[in-house]
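To keep things clear, I will list the structure first and then write my remarks on it.
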Amino acid sequence: MPRIAVLTSGGDAPGMNAAVWAIIKLGAANGVEIVGVERGYDGLIDGEFRPLTRATAGGLVPVPGIAWLAGTGGTFLGSTRCARFLTPEGRKAAADRLTGAGIDALVVIGGNGSLTGAHRLAAETATTLVGIPASIDNDVGGTTDALGVDTALNTILEACDRISDTARSHHRAFIIEVMGRRSGYLAMAAGVAATADAVLLPEQPKTSGEILDQLEGLIRASFAPERDKRRLLIVKAEGVPIPTIQLASDLEERVADLDDVSVRASVLGHLVRGGRPTYQDRMLAGRLALAAITALGDGHSDVMTAWSSPMGTPTIDTSVTLVPLAAMIEETKAMLDGSSEVVRRRVRLLREVQGVLAL
Ligand code: ADP
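Right, dumping it as structure tokens:
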């Protein structure tokens, strides 16, 4: 009987568990044993395998006690950042573990780092594998959405709405910092949806002085006597190199002459990582998992299942393509250095709406 292993690696993202659960059910339905790998690449190197399907008289079924996890955030298999996997020796040890356990193929669910590692494993050891992109930052090249992005955006929106309630009551400018060290996607997408007044992204580099001047101007214009604005919301990505609390206190000092106006900051941090996956993330998990299992059955390897991507080869699901992991690596690099058309278009779009946001 064929055996497929599945692991989650890198930063956890809501929807990882839904994807693992979908793989278990798809495997069981197709007579494929599914084996879970604990703690990402660390567990793979150390051989920490656990069966996720079991044989019954009626055929394979999921092991008991895990079905409820599909609707939860995080990853029940665990995840680590694994230094050993960065070396060819570590990857060879991982491949040997798979062979030793009689495993035919591997599904890697993770962000661009994990999928880069998967590509190396496939290239160096001829391990058959497929990746599923999962990253709340949406920084995996070659897919429009990764698992976790939609849940994270909804969490940020909820936080923006709550903070807006209190900001409006007190005539406040609020800076909300969201995760995204090198990618401002979350800040931009959530900021626009929350009708923020400004969005600060690492993809639009500015000096601290420029940021302070821009925001001071915005506060003065927004809270001018002829306006009836009571809330000012600024969504800032973590990767903008000025500490958020410092930014709030510098701004408050600058507008100290304004009556009844205060500036506050809130850093959402890891709050945005957790939470039950939204419909969109559970739907994506199921469809990307189906494409992954089908791709392995069709003999594909060293590819990622991508959502609504202009790249890759088609699958029976019109929204899902198979993108070579090498192409994912190239596109991710271009996204992170700003040369990707995807990032250029995002920044152009934001520039277009910046004046509208500030009204
Ligand atoms: P994410 O997958 O969320 O982007 P990381 O970048 O931390 O998270 O990557 C997770 C793990 O994937 C790393 O700890 C390492 O084991 C592996 N990995 C990342 N980059 C590479 C690489 N260039 N080569 C081999 N393995 C890598």
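Using our numbering, read the sequence shown as starting at 22 and increasing by one per residue.
The beta-carbon is built from N, C-alpha and C at its ideal position, and this holds for glycine as well.
For the stretch 245-279, which segments carrying the alpha helix (DSSP H) assignment without a break, of at least 4 residues, lie completely within its bounds, in sequence order?
For the stretch 245-279, whole alpha helix (DSSP H) runs of length 4 or above, ordered along the chain, are 265-275.
Residue range of the beta strand (DSSP E) that residue 30 falls in?
For residue 30, the enclosing beta strand (DSSP E) has its first and last residue at 24-30.
Which residue wins for smallest C-alpha separation from residue 257, given the options 278, 247 and 226?
Closest option to residue 257, Cα to Cα, is 226.
Residue 97 (DSSP reduced to helix, strand or coil)
It is coil, neither helix nor strand.
Contact between the stretch 285-298 and the stretch 161-180 is defined here as three or more beta-carbon pairs at a separation below 8 angstroms; is this criterion met?
By the criterion of at least three beta-carbon pairs nearer than 8 angstroms, the stretch 285-298 is in contact with the stretch 161-180.
Would residue 342 and residue 332 be called neighbours here (beta carbons separated by less than 8 angstroms)?
Taking C-beta atoms as the reference points, residue 342 and residue 332 count as a pair closer than 8 angstroms.
Over what stretch of residues does the beta strand (DSSP E) that includes residue 77 continue unbroken?
First-last of the beta strand (DSSP E) with residue 77: 74-77.
Pull up the distance between the alpha-carbon of residue 206 and that of residue 128, whole angstroms please.
If you take the alpha carbons of residue 206 and residue 128, they lie about 26 angstroms apart.
Among 147, 91 and 101, nearest to residue 109 - alpha-carbon criterion
Nearest option by C-alpha distance: 147.
Boundaries (first-last residue) of the beta strand (DSSP E) holding residue 203:
Segment: none, residue 203 is in no beta strand (DSSP E) and carries neither H nor E.
In DSSP terms, what residue 335 is bridged to:
According to DSSP, residue 335 shares a beta bridge with 342.
Quick check on residue 367: does DSSP put it in helix, strand or coil?
In the three-state DSSP reduction, residue 367 falls in the helix class (H, G or I).
Any non-hydrogen atom of ligand 1 within 7 angstroms of residue 369 CB
Incorrect: residue 369 has no Cβ contact closer than 7 angstroms to ligand 1.
Restricting to Cα atoms, I'd like to know which of 104, 280, 363 and 289 is closest to residue 265.
By alpha-carbon distance to residue 265, the top candidate from 104, 280, 363 and 289 is 289.
Which residues mark the beginning and the end of the alpha helix (DSSP H) in which residue 240 is found?
229-243 is the extent of the alpha helix (DSSP H) around residue 240.
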